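Asker: Chains A and B supply the protein sequences, listed in that same order.
The first sequence lines up with residues 6 to 120 when you count with our numbering.
The second sequence lines up with residues 163 to 276 when you count with our numbering.
Ideal Cβ placement from N, Cα and C applies to all residues, glycine included.
Quantities reported herein were computed from a predicted structural model and do not represent experimental measurements.
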Amino acid sequence: AQKVTQAQTEISVVEKEDVTLDCVYETRDTTYYLFWYKQPPSGELVFLIRRNSFDEQNEISGRYSWNFQKSTSSFNFTITASQVVDSAVYFCALSGQGGSEKLVFGKGTKLTVNP
Amino acid sequence: DVKVTQSSRYLVKRTGEKVFLECVQDMDHENMFWYRQDPGLGLRLIYFSYDVKMKEKGDIPEGYSVSREKKERFSLILESASTNQTSMYLCASGAGLAETYEQYFGPGTRLTVT
Numbered sequence: 006a007q008k009v010t011q012a013q014t015e016i017s018v019v020e021k022e023d024v025t026l027d028c029v030y031e032t033r034d035t036t037y038y039l040f041w042y043k044q045p046p047s048g049e050l051v052f053l054i055r056r057n058s059f060d061e062q063n064e065i066s067g068r069y070s071w072n073f074q075k076s077t078s079s080f081n082f083t084i085t086a087s088q089v090v091d092s093a094v095y096f097c098a099l100s101g102q103g104g105s106e107k108l109v110f111g112k113g114t115k116l117t118v119n120p
Numbered sequence: 163d164v165k166v167t168q169s170s171r172y173l174v175k176r177t178g179e180k181v182f183l184e185c186v187q188d189m190d191h192e193n194m195f196w197y198r199q200d201p202g203l204g205l206r207l208i209y210f211s212y213d214v215k216m217k218e219k220g221d222i223p224e225g226y227s228v229s230r231e232k233k234e235r236f237s238l239i240l241e242s243a244s245t246n247q248t249s250m251y252l253c254a255s256g257a258g259l260a261e262t263y264e265q266y267f268g269p270g271t272r273l274t275v276t
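Right under this line is the structure:
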């Protein structure tokens with residue numbers, strides 16, 4: 006069965022600190038997709054990134070970076086020089102079994118960035 | 163830009179009422195989803211639909227039903243609302259393309275059942 010574990014329930018940092026959000030997944034599929042979504046206080050989930058299982062290159066987008074390691078079944082998300090606007094709940098998700106469009110979500114990590 | 167809209171941001175209903183939550187997407191997406199979000203539990207899939215009039219149960223379908231009469235609209239129905247259905251409900255749509263799987267979410271409906 007598919008499973009996504011975000012072990013960090015809440016993280017609190019001070020502005021400008023770097024912070025890494027952990028995501029560990031379980032799947033028997035050889036082809037799968039991993040996602041990160043951001044949910045700001047307004048409530049709407051915002052897509053951040055998609056990574057397929059054949060592409061282990063790390064990705065950087067501005068202050069955001071993602072480290073995908075199949076060997077450890079992890080897809081971690083790092084925010085460099087955090088800002089107050091980064092405060093949100095972040096969800097990691099995995100595409101459904103057999104390539105289904107159903108996503109399996111982790112329970113989320115609440116990040117608070119204090120000024 | 164993809165837009166997914168939900169009929170209400172906040173809703174208060176009484177136990178036993180029939181409740182309709184509406185979701186509309188404007189990108190001609192094949193797939194639509196209903197999730198509920200509860201503290202400490204993340205997002206859990208209630209139902210999804212991959213075509214008009216087609217539906218499939220998610221992980222927690224009990225107490226809910228859905229309707230998809232038109233491609234752009236996906237309704238979640240609580241036949242007889244109960245207090246344990248107090249939650250945030252999120253609708254999403256997706257293109258159904260193998261290379262994307264990306265889902266676009268609406269703003270959510272916070273439902274309180276008293």
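On the three-pair Cβ rule with 8 Å, is the segment 222-242 of chain B touching the segment 186-201 of chain B?
Answerer: yes
Asker: Rounded to whole angstroms, how far is the Cβ of D91(A) from the Cβ of L116(A), which I believe are closer than 8 Å?
Answerer: By one-based count along the first sequence, residue 91(A) stands at place 86. By one-based count along the first sequence, residue 116(A) stands at place 111. Yes, D91(A) and L116(A) are in contact; Cβ-Cβ is about 6 Å, under 8 Å.
Asker: Are there 16 or more other CB atoms within 10 angstroms of the CB of T167(B), so buried, or fewer, so exposed?
Answerer: The count along the second sequence starts at 1 and reaches residue 167(B) at position 5. It is exposed - the Cβ of T167(B) has fewer than 16 other Cβ atoms within 10 Å.
Asker: For T248(B), collect the residues of the same chain with a Cβ closer than 8 Å to its Cβ; drop the 5 residues on either side in sequence, then sort them by chain order.
Answerer: To locate residue 248(B), count along the second sequence from 1; it is residue 86. These residues qualify, in order along the chain: L273, T274, V275.
Asker: By DSSP's criteria, F267(B) is part of a beta bridge. Which residues make up the other side?
Answerer: As a first step, residue 267(B) must be located in the second sequence, where it is residue number 105. Paired residue(s): A254(B).
Asker: Are P223(B) and E49(A) close, meaning C-beta to C-beta below 8 Å?
Answerer: Counted from its first residue, the second sequence places residue 223(B) at position 61. Counted from its first residue, the first sequence places residue 49(A) at position 44. No, the pair does not count as a contact, with Cβ atoms beyond the cut-off.
Asker: Got a sec: which bits of the segment 42-53 of chain A sit with their beta carbon under 9 Å from any beta carbon on chain B, in order along the chain?
Answerer: Y42, Q44, S47, G48, E49, L50, V51, F52
Asker: Please report the straight-line C-alpha distance between T23(A) and C253(B), rounded to a whole angstrom.
Answerer: The residue you call residue 23(A) lines up with position 18 of the first sequence. The residue you call residue 253(B) lines up with position 91 of the second sequence. Checking the sequence shown, residue 23(A) turns out to be Asp, not Thr. Distance between D23(A) and C253(B), taken at the CA atoms: about 32 Å.
Asker: How do the segment 60-68 of chain A and the segment 107-114 of chain A stand: do at least 3 beta-carbon pairs fall below 8 Å, yes or no?
Answerer: no
Asker: Is the CB of I269(B) under 8 Å away from at least one CB in chain A?
Answerer: Sequence index remark: in the second sequence, residue 269(B) carries index 107 (1-based). The sequence shown places Pro at residue 269(B), not Ile. Chain A, which has a Cβ nearer than 8 Å to the Cβ of P269(B), makes this yes.
Asker: With a cut-off of 8 Å, does the C-beta of G113(A) fall near any C-beta of chain B?
Answerer: As a first step, residue 113(A) is located in the first sequence; it is residue number 108 there, counting from the start. By this cut-off, G113(A) is an interface position.
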